[in-house]
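Sequential numbering of the sequence shown, starting at -15, is according to my numbering.
The beta carbon of each residue, even a glycine, is placed where N, CA and C say it ideally should be.
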Amino acid sequence: MSRTDGSAAPTGMIRGRRRVRLTPRGGAFLGFAGLALVTAYIAGWPELLVVACFAAAPPAVATVLASRERNELQLVRVISPRMLAARSVGVVRLLVRNRGSRATSAGQWWDRLPWQPGVSETRALNSLVADRTVELRYGLVPPQRGVVDVGPFVARFADPFGLMTLECEYGRLERVVVAPETVPLASGVVEIAADSGSARLFQHRALAGEHDVMTREYRSGDALRRVHWRSSARHGELMVREDERRSHASAVLLVETRAKRYPDVEGARTRHPFSRGFEWSLSMVASLRDHLAASGLAVHVVETAQPQLAEARSTADFTESLARAGLSFDDYRRPRWRTEPSHAGPAGGLGSAFAVLGVPDAELVGDLADSRALFDSAIAFVAHETPDASLATLRRAGWSVVRVADDDSVAEAWLRVGAHG
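What follows is the structure, given as structure tokens:
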């Protein structure tokens, strides 16, 4: 992983393309010269040939002068932060030094960007005396996630008469990781056991004994493995272990990555299809991961197709993998809930489950329903187009299901979990 602290990256004097262009004024001179030349031949006025030569001479001289221009600039580009979230604001600082022996011409500058309009705002570049450094800066607001290259730096100089311009590229491309937009999620919407829950459980059992446990009445969605049969017989109704709920300091995040499960996918036949629903899903996954990790949970990520995402325990690696993730054309892969013993709680359960889906097919719905008993709580976010029958199946199995559209905010969808719990 590249630097994430915004440290300077010397991009040196590496020069790219040099382009000489006519200005509108230079084009007018050449246009007049061409008109005079044509008129001289058609009308038989040889005197106009002299006029044509005089009109063409200034642009020709300006082209030679511009081509011989040598501005030795050294560039250092500093991007802060190095890892951005989509639609967040970053700052690009450009340290431009004149390494030449004479002053540069005044001109204009911009930086090339990988999204529309393709360049930063064009700004004035003052003349630089020899060995002088100037700092330039601009705001960087990436519109969408991805791993992109910023640069090169472009300086444009004009001849004294404004007939020609010379555009020079300087510096290397700088790679920037743009993660999905991350939204703070409200606390208290879902009860989540923290790391200390396991310690409290073991302390309670050590002091009070294995059979002296706190119980409460059974609620829809509770895992049957949590039923405390002795208390149920004593109270005449199903009772579950209350302390078991606090024992699993872990969570599983399931994300749908198959292109065919997002109805709004564009460019399905291209190498890089796009779906607003998929972008929404990744934003929810990023937000959930941060929220759960801040609550002290070990987060395990599962995908419905060929794995693309890094382990959630490494923030930098996981964030970059979210930036690189794309819609998959692979077949369905049944979720592997248990990959390491560390993902299970002390009693062997898997804690909380969060499924961020598109329109789930019957096979995925069946697998989610069958696996519900593995988790203390289970919440699914599904696309608005999901059939009612699929929602009913998941809810009967004990899943809390929230329907979302791709224009819903992640924060609002999270708040709706409480209403569906």
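Report task. Please state if the CB of residue 150 and the CB of residue 50 are separated by a distance shorter than 8 Å. Result -> yes
Requested in this report: Taking residue 13 as part of the alpha helix (DSSP H), name the residues at either end of that continuous run.
Outcome: 8 to 27
Query raised in the report: What's the call for residue 131, buried or exposed, on a 16-neighbour Cβ count within 10 Å?
Result: That one is exposed.
Requested in this report: For residue 5, collect the residues of the same chain with a Cβ closer than 6 Å to its Cβ; drop the 5 residues on either side in sequence, then sort them by chain order.
Outcome: 149
Query raised in the report: Residue range of the alpha helix (DSSP H) that residue 52 falls in?
Result: 31 to 52
Query raised in the report: Under the rule that 16 or more other beta-carbon atoms within 10 Å means buried, what is residue 116, buried or exposed?
Result: Using a 10 angstroms sphere on the CB of residue 116, the tally of other CB atoms stays under 16, which defines it as exposed.
Query raised in the report: Leaving out five residues before and five after residue 381 in sequence, what residues of the same chain have Cβ atoms less than 6 Å from its Cβ?
Result: 353 and 356
Query - residue 254 in three-state terms, based on DSSP - result: Correct three-state label for residue 254: coil.
Requested in this report: With a threshold of 16 other CB atoms inside 10 Å of the CB of residue 471, please say whether the residue is buried or exposed.
Outcome: Since the first residue of the chain shown is -15 and the last is 405, residue 471 is not available in this structure.
Query raised in the report: Does the count of Cβ pairs from the region 66 to 78 and the region 37 to 47 closer than 8 Å reach three?
Result: With fewer than three CB-CB distances shorter than 8 Å, the region 66 to 78 does not count as touching the region 37 to 47.
Query raised in the report: What number of angstroms, rounded off, separates the C-alpha of residue 144 from the C-alpha of residue 52?
Result: 14 Å
Query raised in the report: Roughly how many whole angstroms lie between the Cα atoms of residue 383 and residue 296?
Result: 23 Å
Query raised in the report: Taking Cβ positions, are residue 122 and residue 242 nearer each other than 8 Å?
Result: no
Query - Rounded separation between residue 12 and residue 389 - CA only - result: 55 Å
Query raised in the report: Taking the continuous alpha helix (DSSP H) assigned at residue 266, which residues delimit it?
Result: Residue 266 -> alpha helix (DSSP H) spans 260 to 278.
**Report entry** Range of the contiguous beta strand (DSSP E) that encloses residue 350
**Finding:** Per DSSP, residue 350 belongs to no beta strand (DSSP E); it is in the alpha helix (DSSP H), 346 to 355.
Query raised in the report: Do you know offhand how far residue 182's Cα is from residue 345's?
Result: Because residue 182 sits at a pLDDT of 37, beneath the cut-off of 50, its placement in the model cannot be relied upon, and the following sentence gives the value as read from the coordinates. Cα to Cα, the separation comes out at about 36 Å.
Requested in this report: Using the Cα positions of residue 274 and residue 259, report the straight-line distance between them to the nearest angstrom.
Outcome: Rounded to whole angstroms, the separation of the alpha carbons of residue 259 and residue 274 is 23 Å.
Requested in this report: Using the Cα positions of residue 335 and residue 313, report the straight-line distance between them to the nearest angstrom.
Outcome: 30 Å
Query raised in the report: When DSSP builds the beta bridges, which residues end up paired with residue 58?
Result: 81
Report task. Assign residue 94 to one of three DSSP states: helix, strand, or coil. Result -> strand
Requested in this report: Kindly indicate which residue of 266, 310 and 160 has the alpha-carbon position closest to the one of residue 256.
Outcome: 310
Query raised in the report: DSSP on residue 133, reduced to helix/strand/coil?
Result: strand
Query raised in the report: Does the beta-carbon of residue 245 have 16 or more other beta-carbons within 10 angstroms, so that it is buried, or is it exposed?
Result: buried
Query raised in the report: Skipping 5 residues on each side, what residues in its chain have a beta carbon closer than 6 Å to that of residue 17?
Result: The residues are 36, 39 and 40.
Query raised in the report: In terms of DSSP beta bridges, what is residue 445 paired with?
Result: Since the first residue of the chain shown is -15 and the last is 405, residue 445 is not available in this structure.
Query raised in the report: When the Cα of residue 110 is compared with those of 318, 387, 93 and 374, which residue comes out closest?
Result: Comparing Cα-Cα distances from residue 110 to each of 318, 387, 93 and 374, the minimum goes to 93.
Query - Own chain residues within Cβ distance below 6 Å of residue 169, not counting five before or after - result: 271, 275 and 398
Query raised in the report: Distance, Cα to Cα, residue 365 vs residue 237?
Result: 11 Å
Query - Outcome for residue 393 when other beta-carbon atoms lying within 10 angstroms are tallied against a minimum of 16 - result: exposed
Requested in this report: Below 8 Å CB to CB, which residues in the same chain sit around residue 46 once its five sequence neighbours on both sides are set aside?
Outcome: 10, 143, 145, 147 and 148
Query raised in the report: Are the Cβ atoms of residue 79 and residue 60 separated by less than 8 Å?
Result: yes
Requested in this report: Output the distance between the C-alpha atoms of residue 349 and residue 361, rounded to the nearest integer angstrom.
Outcome: Going by C-alpha positions, residue 349 is about 16 Å away from residue 361.
Query raised in the report: Among 119, 63 and 101, which residue has its Cα nearest to the Cα of residue 82?
Result: The shortest C-alpha to C-alpha distance from residue 82 to any of 119, 63 and 101 is the one to 119.
Query raised in the report: So residue 381 is in the alpha helix (DSSP H); what residue range does that whole segment cover?
Result: 372 to 381
Query raised in the report: Does the beta-carbon of residue 164 have 16 or more other beta-carbons within 10 angstroms, so that it is buried, or is it exposed?
Result: Classification for residue 164: buried.
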